[in-house]
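Just so we're aligned: 27 in this note's numbering is position 26 of the sequence shown, and the numbers increase by one with no gaps anywhere. No residue lacks a Cβ here, since even glycine has one placed at the ideal position from N, Cα and C. This one's a predicted model, so the numbers in the text were calculated from it and none came from an experiment. Okay, structure first, notes after.
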Amino acid sequence: MERKDKVVCSVVGFLGLLSAALSFAAEGTKTTVSQVVFTSPTSCIYPSSPALGLGLAAAVTLLLAQIIINVTSGCICCKRGSYQSNSSWTIAVICFVVSWCCMVTVDIAGVNVSFHYLSA
């Protein structure tokens with residue numbers, strides 16, 4: 002493996018571990034039912050929690066890792082030249098599309114869950 006490949010793998014691996022650590026920290030600091038103060042039967046006060054910020058930081062680190070991988074490996078959507086019609090090219094395109102769809106889906110789901118807790 003070349004030096005550049007080792008550096009990219011190390012950086013992306015670190016970002017993945019950082020994202021996991023931030024996710025676990027967000028889960029550990031989220032507001033529980035016992036911390037909610039009910040001021041009346043129809044309203045309540047939620048205490049401040051760093052969970053949202055930690056969760057968003059985890060999503061950003063994953064997005065950054067995804068971008069680094071795509072840029073350093075020669076982004077398929079931006080590749081110039083002749084497109085191959087062999088099976089490995091097809092598999093690469095499918096993996097590229099699936100990885101970005103998963104990334105967008107997870108980020109949208111995470112934001113929806115966060116806003117649900119903020120507006121509740």
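For residue i, the nearest candidate out of the options (CA to CA)
{"i": "T62", "options": "K7, T32, I68, L16", "result": "L16"}
{"i": "Q36", "options": "A58, V94, I46", "result": "I46"}
{"i": "A60", "options": "V12, M104, V9", "result": "M104"}
{"i": "L23", "options": "A58, R4, S11, I92", "result": "A58"}
{"i": "P48", "options": "V38, A26, S100, I109", "result": "V38"}
{"i": "L55", "options": "V107, A21, T73", "result": "A21"}
{"i": "Q67", "options": "K5, R4, F97", "result": "F97"}
Euclidean distance between Cα positions of residue i and residue j
{"i": "T40", "j": "T30", "result": "23 Å"}
{"i": "T33", "j": "S50", "result": "10 Å"}
{"i": "L65", "j": "L53", "result": "18 Å"}
{"i": "I70", "j": "A26", "result": "25 Å"}
{"i": "V72", "j": "E28", "result": "31 Å"}
{"i": "A93", "j": "S44", "result": "51 Å"}
{"i": "S88", "j": "I109", "result": "32 Å"}
{"i": "V12", "j": "R4", "result": "12 Å"}
{"i": "I95", "j": "W101", "result": "10 Å"}
{"i": "V99", "j": "T106", "result": "10 Å"}
Residues that residue i bridges to, as DSSP identifies them
{"i": "F39", "result": "C45"}
Cβ-based burial, residue i [other Cβ within 10 Å; buried from 16]
{"i": "G14", "result": "exposed"}
{"i": "L18", "result": "exposed"}
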